[in-house]
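Quick note on the numbering used here: the sequence shown kicks off at 97 and runs consecutively. Where is the CB? At the ideal position from N, CA and C, for every residue including glycine.
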Amino acid sequence: VLFLDEPTAGIDPVARRELWNLLFELAARGVTLVVTTHYMDEAERCGTVGYLYLSRLLVSGKPSELTRLPEVTPEGTRRVEADCEHGAAAVMGRARELPYVEDLTIFGNALHLLVRGDVTDARIARDLESAAGVAVKVRPIEPTLEDVFVRLTKIQSERRAAAGAAA
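Here is the structure:
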């Protein structure tokens, strides 16, 4: 068993890729690897992923299992990506104000939105374009591990705040 705590923190992209190739070689030889990372693209390479929140294991499983958790995309909702021509930051504030947007995260020039299931992609694009004045392309997506991490963290933060308010 080899334990690695954020092995790619602070290294350049080429060295990062070489390190992961080495880790895959070790895994192919039967070495069990336990790796901590804040980079969800690295977590997606792993056979099993666990999410820790305040030193507590929330969930663990294969990446494909975690992206299908009901908490990530609750019943009656769906996930879409809004690709924003002039950057997602210009659209983000307006998107939060839309009544059917339940959650959102910025991903480069795009937003990942959790929206009510009855809202069409065309309506989302039209509403965002009219609110922000920029071209927006909307398409359905499957959640990523980053979506899982953000959603589970938000849920835990809200529960913690509610427990603190009740005390």
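- Query: Among Pro109, Arg190, His208, which has the Cα closest to the Cα of Gly229?
  - Reply: In the sequence shown, counting from the first residue as 1, residue 229 sits at position 133. Nearest of Pro109, Arg190, His208 to Gly229, Cα basis: Arg190.
- Query: Under 9 Å between the Cβ atoms of Glu225 and Arg212?
  - Reply: Within the sequence shown, residue 225 is the residue found at index 129, counting from 1. Within the sequence shown, residue 212 is the residue found at index 116, counting from 1. Not closer than 9 Å, so no.
- Query: Within this structure, are the beta carbons of Val232 and Glu181 separated by less than 9 Å?
  - Reply: In the sequence shown, counting from the first residue as 1, residue 232 sits at position 136. In the sequence shown, counting from the first residue as 1, residue 181 sits at position 85. The answer is yes: Cβ separation under 9 Å.
- Item | Whole-Å CB distance - Thr163 paired with Pro239, under 8 Å assumed | For this step, residue 163 is matched to residue 67 along the sequence shown. For this step, residue 239 is matched to residue 143 along the sequence shown. Confirmed, Cβ separation roughly 5 Å.
- Query: Around the Cβ of Ala124, are there at least 16 other Cβ atoms within 10 angstroms (buried) or fewer (exposed)?
  - Reply: For the purposes of this step, residue 124 is taken as residue 28 along the sequence shown, with counting starting at 1. By the neighbour-count rule (16 or more Cβ atoms within 10 Å), Ala124 is not buried but exposed.
- Message: Can you confirm whether the segment 207-222 touches the segment 130-148 when touching is taken to mean that 3 or more C-beta pairs between the two stretches lie within less than 8 Å?
- Response: Not touching, per the Cβ criterion.
- Whole-angstrom distance between Asp223 and Leu129, CA atom to CA atom: Sequence index remark: in the sequence shown, residue 129 carries index 33 (1-based). Sequence index remark: in the sequence shown, residue 223 carries index 127 (1-based). A straight line joining the alpha-carbon of Leu129 with that of Asp223 spans about 46 Å.
- Provide the residue(s) that pair with Tyr135 in DSSP beta bridges, ordered along the chain. Working through the sequence shown from its first residue, we reach residue 135 at position 39. For Tyr135, which the question treats as bridged, DSSP gives no partner whatsoever.
- State yes or no: is the C-beta of Arg175 within less than 9 Å of the C-beta of Ile237? Residue mapping note: residue 175 aligns to position 79 of the sequence shown, counting from 1. Residue mapping note: residue 237 aligns to position 141 of the sequence shown, counting from 1. Result yes, Cβ atoms of Arg175 and Ile237 sit closer than 9 Å.
- Task: Check the DSSP bridge columns for His208 and list the partner residues they point to.
- Result: Here residue 208 refers to the residue found at position 112 of the sequence shown. DSSP lists Glu177, Thr201 as partners of His208.
- Message: So, for Arg192: in the same chain, excluding its five sequence neighbours on each side, which residues have a beta-carbon less than 7 Å away from its beta-carbon?
- Response: Here residue 192 is taken as the residue at index 96 of the sequence shown, counted from 1. The beta carbon of Arg192 is closer than 7 Å to those of Leu200 in its chain, skipping five residues each way along the sequence.
- Task: If I'm right that Glu177 touches Ala206 with Cβ under 8 Å, what's the distance once you round it to whole angstroms?
- Result: Your numbering for residue 177 matches position 81 in the sequence shown. Your numbering for residue 206 matches position 110 in the sequence shown. Contact between Glu177 and Ala206 is confirmed by a C-beta separation of about 5 Å, below the 8 Å threshold.
- Message: Given this structure, state the Cα-to-Cα distance separating Pro103 from Val215, to the nearest angstrom.
- Response: Against the sequence shown, residue 103 aligns to sequence position 7. Against the sequence shown, residue 215 aligns to sequence position 119. Rounded to whole angstroms, Pro103 to Val215 spans 42 Å at the Cα level.
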